[in-house]
Amino acid sequence: MPMTIDSSEVLKRIEDAPLLSSSASRLLQITADPEHSLGEVADIVKTDAALTARVLRVVNSAAFGLISTISSIDRAISYLGERLVVGIAIDICASQLFDKPLTGYEAQRGDLWRHDLRVAIASREIARLAPQDMAVDLAFTGGILHDIGKSILSEFLTGTAQSVLETIEKGEAQDYLEAERAMLGIDHAMVGYELARKWQLPEPLQQVIRFHHKPSEADEEHRSLVYAVHLGDIIAMMGGGGTGSDTLQYHMDSAYTDYLDISVEQLTMTLLHVEEEFSKMEASLLDGKDGGT
Amino acid sequence: MSNLILGVGDFGASNSPGDIVKTFALGSCVAVILLDPGTRSVGMVHVALPDSSINRDKAKERPGYFADTGIPMLLKQMSSMGCNVRKLTVKLAGGAQIMDPNNTFNIGKRNILAVKKLLWQHGMGPVAEDIGANYSRTVSVSTNTGEVVLSSPGRPPWKI
């Protein structure tokens, strides 16, 4: 291991992280409540001019290929789905985190956001296969946020990728998470969790971020949601959408079968769907970002 | 001289001197690389799933997505470029996975088996491969040298 630094230095960096906007924060709270309505979501979007403009740009982007322009927020939200609106709201206020090149993981600018979007789509698809009722859009939001800790931890890992991989290959660390802890005293899941607490994210999202690599340790109440994101993360990495050197360097918690029913055929269909949905959403979100039409 | 970049489910070939045929970040996907030293042609298909029977429409729209439709299409293209398909050199890369004791997520392994079966049906087999394990791979092949170079974040590049 090349260095050991105190986790308090990492934690200090969390204090400097951007805050969520009040509209993003309220959207996250409301959509985590199973009783919420689409009208409540629209009401929040309408009070935020930047969010309104961006939602309309995305819905009218070429990727969706609408024949006539949508100018009403209610129609835009029902067309895009609240999950994408929440994703846009998060991205507006935290883009400096999502767009960071994760140098510590030898990933490029945009890799984290693309990985998160893939995980979001995959987690929601997996959540739809759950035998019990699950908030599928919350699985999407959990996917967007699950790796947020990497944006802060990355710079402390600069130059370590090769030695971390050797450590894992030799069996000195069982996965990337353990190697991060050995070097920095804290791993990206825990850093993300600290940020989630600072942002006062709803409890199920805090659990997703903290336990996405070890879902069996999540509270029973949220465990199936955490398993959905755990598998969504693996599906994204299998599809080639990782965040650099840590791609596939984790273990699968095989007890997912206690919470989610998934056959080989369903998984194959999911992989296909994620690839198609990702291409469409990526194009529309990028269009929206550039200010294109 | 240009780069031929192949996305998931794409196939393509080049015999232009100096061209690089490349595909990024193979996770459980498999790149089938076909080399014809005689005409200095390089072909590649980025296979994502083993069997097209799961979605025939997708197979029509993007045959390279599946092993059973992608490999024949690539062979056809290389044949039309004047390659002797009986003399092609085959190399494979990809098919990574995270171990799942339930076997459901072992798509990488299923992709490799499907690709090898298809090749075998055409009387072909790989002379070199870097498959399985748990790392993602980027593959680039130069038409000048026919060298297959693999890379993965955090690892120095290597050849197969």
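Protein sequence lines correspond, in order, to chains A and B.
Quick note on this note's numbering: the first sequence kicks off at 398 and runs consecutively.
Quick note on this note's numbering: the second sequence kicks off at 1389 and runs consecutively.
No residue lacks a Cβ here, since even glycine has one placed at the ideal position from N, Cα and C.
For clarity, every value in this text was computed on a predicted model and none was experimentally measured.
query	result
Do A/ASP544 and A/HIS512 come within 8 Å of each other at the CB atom, strictly closer than that value?	yes
Excluding five sequence neighbours on each side, which residues of the same chain lie with their C-beta closer than 7 Å to the C-beta of A/ASP403?	GLY582
Given a threshold of 16 other Cβ atoms within 10 Å of its Cβ, counted over all protein chains shown, does A/MET531 qualify as buried or as exposed?	buried
Does the Cβ of B/MET1487 have 16 or more other Cβ atoms within 10 Å, making it buried, or fewer, making it exposed?	exposed
For B/VAL1396, which three-state DSSP category applies?	coil
Does any residue of chain A bring its CB to less than 8 Å from the CB of B/ALA1455?	no
Would you mind telling me which residues of chain B sit closer than 7 Å to A/ILE631, beta carbon to beta carbon, in chain order?	ILE1486 and PHE1493
State the Cα-Cα distance for the pair A/THR466 and A/ASP655, rounded to the nearest angstrom.	45 Å
Tell me the DSSP secondary structure of A/TRP596 in three-state form.	coil
Go through its chain and collect everything with a Cβ distance to A/MET634's Cβ below 6 Å, but skip five positions before and after it.	THR644 and LEU645
Taking 8 Å as the threshold (beta carbon to beta carbon), is B/GLY1400 in contact with chain A?	no
Taking Cβ positions only, does B/SER1416 come closer than 8 Å to chain A?	yes
Look up B/ILE1519 in the DSSP assignment and say whether it is helix, strand or coil.	strand
Which residue's Cα is closest to the Cα of B/GLU1449: B/MET1469, B/ASP1439, B/PRO1405 and B/GLY1397?	B/GLY1397
Runs of 3 residues minimum, wholly inside the stretch 406 to 442 of chain A: which ones carry the beta strand (DSSP E) assignment?	none
Looking only at DSSP bridge pairs, what is B/ASP1424 linked to?	B/SER1429
Is it the case that the Cβ atoms of B/PRO1555 and B/ASN1499 are separated by a distance below 8 Å?	Only positions 1389 to 1548 of chain B appear in this structure, which leaves residue 1555 of chain B out of reach.
So, for B/ARG1543: in the same chain, excluding its five sequence neighbours on each side, which residues have a beta-carbon less than 8 Å away from its beta-carbon?	TYR1523
Counting only Cβ pairs nearer than 9 Å, list the residues of chain A close to B/ILE1442.	GLU662, THR665, MET666 and LEU669
8 Å is my cut-off, CB to CB: does A/MET678 come that close to chain B?	no
When the Cα of B/PRO1412 is compared with those of B/GLY1395, B/VAL1515, B/THR1427 and B/GLY1483, which residue comes out closest?	Note on identity: in this sequence residue 1412 of chain B is Phe, with Pro being the wrong assignment. The option with the nearest alpha carbon to B/PHE1412 is B/GLY1395.
Can the beta-carbon of A/VAL452 be found closer than 8 Å to that of A/LEU477?	yes
Here's a check: name, in chain order, each residue in its chain whose Cβ is nearer than 6 Å to the Cβ of A/ALA593, leaving out the five neighbours to either side.	GLN603 and ILE606
Using a threshold of 7 Å, is the CB atom of A/ALA558 nearer than that to any non-hydrogen atom of the ligand NAD?	The ligand NAD is absent from the structure shown, which contains no ligand whatsoever.
Under three-state DSSP, which class holds A/ALA586?	helix
Do you know how far the Cα of A/ILE411 is from the Cα of A/LYS686?	26 Å
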